[in-house]
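Protein chains: 2
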Amino acid sequence: MRKVVIIGVGAHVCGKMLDKSLRDLGRVAIWDAISDATIDAKEIQVAYVSNSIAGLITGQEGSRGQTVLRASGLGGIPVINVENACAGGSTAFRGAYLEVASGACDIALALGVEKMFCDDTPRVVRAIASTSEIELSKMGVQFTALYAMHTRNYMQEYGLTPEHFAKVVVKNSYNGSLNPYAQHRTPLTIDQVLNSRMISDPLTLYMCASISDGAAAAILCAEDIARQYTAKPLVEVSACKLASGVFRGRSDTTIPTLSEIVAQSAYKEAGISPEDVDLAEVHDAMAPAELMEYEELGLCKKGEAARMIDEGRTKIDGDIPVNPSGGLTARGHPIGATGLYQVAECVWQLRGEAGKRQVHNPRVALVQNRGGFVEGDDAAAAVIILRRRA
Amino acid sequence: MRKVVIIGVGAHVCGKMLDKSLRDLGRVAIWDAISDATIDAKEIQVAYVSNSIAGLITGQEGSRGQTVLRASGLGGIPVINVENACAGGSTAFRGAYLEVASGACDIALALGVEKMFCDDTPRVVRAIASTSEIELSKMGVQFTALYAMHTRNYMQEYGLTPEHFAKVVVKNSYNGSLNPYAQHRTPLTIDQVLNSRMISDPLTLYMCASISDGAAAAILCAEDIARQYTAKPLVEVSACKLASGVFRGRSDTTIPTLSEIVAQSAYKEAGISPEDVDLAEVHDAMAPAELMEYEELGLCKKGEAARMIDEGRTKIDGDIPVNPSGGLTARGHPIGATGLYQVAECVWQLRGEAGKRQVHNPRVALVQNRGGFVEGDDAAAAVIILRRRA
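Chains as they are written, first to last, in my numbering: chain Z, 1 to 390; chain W, 391 to 780.
Put into structure tokens, the structure is as follows:
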């Protein structure tokens, strides 16, 4: 397979934007990426578009990507609409990657776009629940409940307390305050997090990613022609791995989780080990997940994530910054767009363009994105490893 | 890119099956394909799953493919859920093809599964309309209306009458009567077609594909290892092309349509011309479309499709059989599954396994699948060229 680089990324700010449509959001992200790549829009040969709940929120199924691309002036190229719950963004990225890597085309667009806010919040909540197995969701076993159960299990295993999760939110809300794309830009304190409304014990309101509108995009290019387009540092896709649940549950913590499996496979493909990662954007849909993910990604050993957050090692100025963007809890979590927000943040960081939230001189970045639950295991998990070229 | 062959296909019968779920339908198609390929299910490394309207009919979004695969005993492999309105099946096929062609894996599954029937028919009609641009659908410019307008235009240009469209239905309903997978197995007469209820002038009821439940699957394999698995004739994927609308409308018949563009590109890739095609499965969502498609695919010259159906050239025993399966109007049109039913039919035909509807010794088969309307042009169109290996 051919080497693939990212030559452009773009995004719309995350937030509550009742006056903006799927098209408005998508158009901004697409043209932000085109402008970043300094290419002519006509050079884009194929588009992968991720969206999760437009069918249930706006009524638009089937041709979602086409309606957005047409409104962006990009009619006429093949559009592949993909969906993988909260991992849809990385699934779209992987599709675009495979197009270029295989030689099917030279330049591909990946777009994630999500419109969650509407005038009917119960509908939104049902739509979110529907990205997991609906038979279980309807019994109340939806995202917050499942995360709460996993979290309880994790606390019991390693002796964590809610303060540890609050520390994740404090870090991420601070990072978000530095990110012009973030939905939530107010730094929170441990007390504020712990005293916010209880959603599903031990998860309080501020530990949970909120409803969000947003769109993010990346333009991928065959490495051998990338210099025709951009003078910016090239960001190589060193690995792009996706997996779906093995459905063995998580009650036994000795069984590797899906993120663990997919991370190991990504490290192998990239030819690196976790110690080589300079920054990570991970899927903190609920704050405790970030800690479990430190361990799943091998950023620390099993049971050591609590100490990692206690020691501040994952802050922007720590030795392994995690979620400098603010993560899902602060930057925002527009379901099908999240994976591409994570990619965009890593690209900005690797290029040294992340402004006040810039991590010191990173060379290797990791994206971890996951989505859906089927029989209690992740429906999808993806790990992408990006590397700045010399 | 590597050579890719199809080593197995499978399907559930099309029809109204209120007692069957998405999982029930998908499971049958998957295991029919696995059994046909004579492989161990564990050999399948990735799955592309197409579904169009489960979100609106069953409430299941996001992890649709995972829920079906899990229920089929295939948990643990990466699942990519794709959607492209009525062209979703060919889009899933193309994804699986690209996985194998690129070398990302050796064996990939493509599944299309659709559950349309429910106890609320207006909901189904809205769901179907939502696969096109909803702003236009809501004004009444949905599939039947758009097809009727295109048909009127076509009739005026070339002097066709409703009898020509009725002849398409007569042919396809006869073919469907020979197909154990078909939803409608009663041969119809010209009078029955013309006298059936008017849906959108000049389209009568029997000229329109009906609501359908169904699932179809294909297993794709790298050619160099295919003989490890199957002793059946191998079916090579000689071309697999997808495009989205150029949105120039169709009022000017001198402008190539999307199917025309994508067919030309597929012929070029396969290194053949339309004369080499021995049979075609085309997208007769409304019967007149089949005639327009004869011309778009180059099976005859512009304006000659009427004579082609008059002369019976596209019957099973004609010189270029089209829709031996019965097509969408007779076999059935379970939206996201249709493209894979078309592929399955071509594989059975190329292998000489099509029973009473067997075309005489075909070597090259063409699939044409299309879906959605955005600004009056197809949201997606795909052409796949399959060839029996010596």
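Even glycine gets a Cβ: it sits at the ideal position worked out from N, Cα and C.
Check                                                                                                                                                            : Outcome
Specify, as a first and last residue, the run of the alpha helix (DSSP H) that D310(Z) falls within.                                                             : A305 to D310
Provide the residue span of the beta strand (DSSP E) that contains R387(Z), from first to last.                                                                  : D377 to R388
If you compare alpha carbons, which of I447(W), T551(W), Q573(W) and M529(W) is closest to I580(W)?                                                              : T551(W)
Using 8 Å as the limit for Cβ to Cβ distance, is N81(Z) near chain W?                                                                                            : yes
How do the region 625 to 632 of chain W and the region 652 to 664 of chain W stand: do at least 3 beta-carbon pairs fall below 8 Å, yes or no?                   : yes
Give the straight-line distance between the Cα atoms of R185(Z) and V322(Z), rounded to the nearest whole angstrom.                                              : 17 Å
Taking CB distances under 8 Å as the criterion, tell me whether Q450(W) reaches chain Z.                                                                         : yes
In or out: N751(W) buried (at least 16 other Cβ within 10 Å) or exposed?                                                                                         : exposed
For S50(Z), count neighbouring Cβ atoms within 10 angstroms of its own Cβ and tell me buried if that reaches 16, exposed if not.                                 : buried
Indicate whether at least one CB of chain Z lies closer than 8 Å to the CB of I524(W).                                                                           : yes
Take A461(W) and list the residues in its own chain whose beta-carbon comes closer than 7 Å to its own, dropping the five residues that flank it on each side.   : R413 and R417
Decide if I615(W) is buried, meaning its Cβ has at least 16 other Cβ atoms within 10 Å, or exposed.                                                              : exposed
On the DSSP bridge list, what partners appear for I645(W)?                                                                                                       : I645(W) is not bridged to any residue.
Any Cβ of chain B within less than 8 Å of the Cβ of T254(Z)?                                                                                                     : Reference to chain B is not applicable here, since the protein chains of this structure are Z and W.
Note down, in chain order, every chain W residue with its Cβ under 7 Å from the Cβ of V374(Z).                                                                   : S453, Q456, T457 and R460
Rounded to whole angstroms, what is the Cα-Cα separation between V113(Z) and A54(Z)?                                                                             : 9 Å
Apart from the five residues just before and just after I781(W), which ones in its own chain have a Cβ nearer than 8 Å to its Cβ?                                : Since the first and last residues shown for chain W are 391 and 780, residue 781(W) lies out of range.
Regarding Q546(W) and the ligand MG, is the C-beta to nearest heavy atom distance less than 7 Å?                                                                 : The model depicted lacks the ligand MG and carries no ligand whatsoever.
At a CB-CB cut-off below 7 Å, which residues of chain W make contact with T91(Z)?                                                                                : I470
Measuring straight from C-alpha to C-alpha, what distance separates Y619(W) and Q228(Z)?                                                                         : 45 Å
State the start and end residues of the unbroken beta strand (DSSP E) segment that holds L610(W).                                                                : G604 to A612
To the nearest angstrom, how far is it from the Cα of G549(W) to the Cα of V458(W)?                                                                              : 47 Å
Taking 8 Å as the threshold (C-beta atoms), are L776(W) and V627(W) in contact?                                                                                  : yes
When the Cα of T338(Z) is compared with those of S177(Z), L299(Z) and A29(Z), which residue comes out closest?                                                   : A29(Z)
Given that a residue counts as buried once 16 or more other Cβ atoms are within 10 Å of its Cβ, and exposed if not, what is K20(Z)?                              : buried
Leaving out five residues before and five after V754(W) in sequence, what residues of the same chain have Cβ atoms less than 6 Å from its Cβ?                    : D666, V667, D668 and R777
Just the C-alpha distance for P187(Z) and A270(Z), rounded to the nearest angstrom, thanks.                                                                      : 35 Å
How would you write the range of the alpha helix (DSSP H) that I7(Z) sits in, first residue to last?                                                             : No alpha helix (DSSP H) contains I7(Z), which is instead part of the beta strand (DSSP E) from V4 to A11.
Inspect the CB distances between the region 476 to 491 of chain W and the region 717 to 731 of chain W and report whether three or more fall short of 8 Å.       : yes
Unbroken alpha helix (DSSP H) runs of length 4 or more, entirely within the region 33 to 84 of chain Z: which are they?                                          : 54 to 57 and 64 to 71
Tell me which residues of the region 205 to 221 of chain Z have at least one Cβ-Cβ distance to chain W shorter than 8 Å, keeping chain order.                    : none
Since A494(W) meets chain Z, which of its residues come closer than 9 Å, beta carbon to beta carbon?                                                             : M1, L98, A101 and S102
Give the DSSP-derived three-state secondary structure of N759(W) in the structure shown.                                                                         : strand
Would you please state the rounded distance, in angstroms, between the beta carbons of Y206(Z) and V168(Z)? I believe it to be under 8 Å.                        : Actually they are not in contact, since the Cβ atoms of Y206(Z) and V168(Z) sit about 10 Å apart, beyond 8 Å.
Applying the criterion that 16 or more other CB atoms from any shown protein chain within 10 Å of the CB defines a buried residue, is P202(Z) buried or exposed? : buried
How about G604(W) and Y731(W): are their beta carbons less than 8 Å apart?                                                                                       : yes
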